[in-house]
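The next block holds one structure in the form of structure tokens; read it before the comments.
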Amino acid sequence: MAERASEQDDILQSNTAALKRLRGQETEDELRSAAELIRLLETIPDLFAKAEQLSKVRSERRSVMSADDARSNPLQLSHMVQFCMLVGIDNLQALRQLMHPDDAEQLTVPIVAMYPLLRSVIESAAQALWLLDSESQRERLTRLVRARSTELAYEQELAREIARSLPAGSERQEMEKKAKQNRRRGRSYIVDVIERNGLDRSECDVTMPGYGPLVEAAGDRVGINGNLLRSVWQYVSGLTHPSTARATSAATLIEIAPPRGNIRSTRMEANVGQLTIILPIALKMYRSADRLRRFRMLQVPRADS
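Note that this note's numbering has the sequence shown beginning at 19, numbered continuously upward.
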């Protein structure tokens with residue numbers, strides 16, 4: 019075993035010029051892609067600064083957002099939208115720190131660590147766009163209620179799992195009691211918004227769409243074909259799990275030893291070229307959501323909305 023390990027070390031440390039690239043960009047293209055990624059990552063601090071500034075600004079008193087908040091109190095629409103945008107910019111900041119932090123001269127590209135961050139940026143922007151998209155206040159409030167109801171159901175599911183992890187007895191009973199109280203309180207807020215605004219109960223009781231449909235629905239606002247957006251999201255999602263098929267198709271593969279029969283020994287590296295497609299889409303979705311949010315904060319409601 020020691021001899022075999024030593025042999026593998028020799029292979030990994032051998033002259034890279036002798037290694038064969040089986041999949042991925044050639045070196046010159048890879049360098050161009052890396053330069054483009056650095057350029058894109060360096061736009062993130064400006065987005066963060068603008069997000070910080072906006073967090074201190076209230077919606078115009080007679081704006082669409084303020085009107086929606088008044089009708090959805092205490093489940094203000096702006097609160098959920100703000101959190102969606104916070105998730106997006108926080109993950110973009112983390113992506114920059116991971117790949118090209120301040121004062122770094124070179125780009126660092128992990129094999130898969132950037133994909134959960136990109137997925138979260140895409141999903142949070144899609145949810146914000148879905149919440150704000152409709153010109154009808156009734157529809158926006160209905161979507162908010164659906165989102166809040168879906169969240170409440172997830173929180174109850176978590177509480178049940180935590181309770182099951184506790185030994186039978188008073189501690190578990192107390193946990194279950196608190197979970198029921200939280201559910202009743204959360205549900206009472208939701209029902210109050212439904213009744214105050216005369217919303218259709220059957221429409222409000224439908225769960226929020228999954229992120230696949232939300233991303234696809236964002237296409238018109240983002241200016242990119244919805245099916246393409248969804249396929250990019252689905253592609254990225256597969257790289258947030260240990261899927262060998264997706265990872266192999268997404269990676270640059272470099273042969274590190276002569277093949278033995280039908281078996282190849284390869285080293286897996288990130289495909290930088292693919293990131294020059296995915297990151298611009300994530301950034302465009304974030305910017306689209308930010309733009310619509312700012313518009314709703316200033317827009318005067320129409321009489322028929």
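The C-beta atom is built at its ideal place from N, Cα and C for all residues, glycine as well.
Strand pairing of residue i, partner residues [DSSP]
{"i": "residue 286", "result": "271"}
{"i": "residue 62", "result": "The partner list for residue 62 (beta bridge, DSSP) is empty, contrary to what the question assumes."}
{"i": "residue 278", "result": "281"}
Best match in the options for proximity to residue i [C-alpha to C-alpha]
{"i": "residue 308", "options": "47, 55, 59, 71", "result": "71"}
{"i": "residue 252", "options": "231, 103, 290, 306", "result": "231"}
{"i": "residue 122", "options": "290, 57, 277", "result": "57"}
{"i": "residue 320", "options": "261, 155, 306", "result": "155"}
{"i": "residue 119", "options": "59, 221, 315", "result": "59"}
{"i": "residue 193", "options": "180, 209, 54, 214", "result": "180"}
{"i": "residue 310", "options": "100, 93, 49", "result": "100"}
C-beta atoms of residue i and residue j nearer than 8 Å
{"i": "residue 12", "j": "residue 139", "result": "Since the displayed the chain opens at 19 and closes at 323, residue 12 lies outside it and no answer follows."}
{"i": "residue 80", "j": "residue 318", "result": "yes"}
{"i": "residue 86", "j": "residue 147", "result": "no"}
{"i": "residue 233", "j": "residue 165", "result": "no"}
{"i": "residue 229", "j": "residue 141", "result": "yes"}
{"i": "residue 149", "j": "residue 95", "result": "yes"}
{"i": "residue 90", "j": "residue 224", "result": "no"}
{"i": "residue 274", "j": "residue 285", "result": "yes"}
{"i": "residue 98", "j": "residue 162", "result": "yes"}
{"i": "residue 235", "j": "residue 303", "result": "no"}
{"i": "residue 84", "j": "residue 77", "result": "yes"}
{"i": "residue 184", "j": "residue 178", "result": "no"}
{"i": "residue 130", "j": "residue 257", "result": "yes"}
{"i": "residue 167", "j": "residue 208", "result": "yes"}
{"i": "residue 170", "j": "residue 214", "result": "no"}
{"i": "residue 51", "j": "residue 250", "result": "no"}
{"i": "residue 125", "j": "residue 176", "result": "no"}
{"i": "residue 314", "j": "residue 82", "result": "yes"}
{"i": "residue 69", "j": "residue 103", "result": "yes"}
Segment limits, alpha helix (DSSP H) that includes residue i
{"i": "residue 14", "result": "Nothing can be reported for residue 14: it is not among the residues displayed for the chain, which extend from 19 to 323."}
{"i": "residue 226", "result": "Neither: residue 226 is in no alpha helix (DSSP H) and is coded neither H nor E."}
{"i": "residue 134", "result": "132-151"}
{"i": "residue 259", "result": "Run containing residue 259: none; DSSP gives neither H nor E here."}
{"i": "residue 126", "result": "Here residue 126 belongs to no alpha helix (DSSP H), and DSSP marks it neither H nor E."}
{"i": "residue 241", "result": "Element bounds for residue 241: n/a, residue is neither H nor E."}
{"i": "residue 2", "result": "No information on residue 2 is available, as it lies outside the stretch 19 to 323 that the chain covers here."}
{"i": "residue 82", "result": "82-90"}
{"i": "residue 73", "result": "Taken as a continuous stretch (DSSP letters only), residue 73 belongs to no alpha helix (DSSP H), as it is neither H nor E."}
{"i": "residue 318", "result": "No alpha helix (DSSP H) holds residue 318; DSSP gives it neither H nor E."}
{"i": "residue 14", "result": "Nothing about residue 14 can be reported from this structure: the residues present for the chain run from 19 to 323 only."}
{"i": "residue 167", "result": "155-183"}
**Message:** Across the region 240-248 and the region 124-134, are there enough close Cβ pairs to call them in contact, namely three or more that are closer than 8 Å?
**Reply:** Touching, no, given that fewer than three Cβ pairs across the two stretches are closer than 8 Å.
**Request:** Please confirm if the region 62-78 is in contact with the region 292-299, defined as three or more CB-CB distances below 8 Å between the two stretches.
**Result:** no
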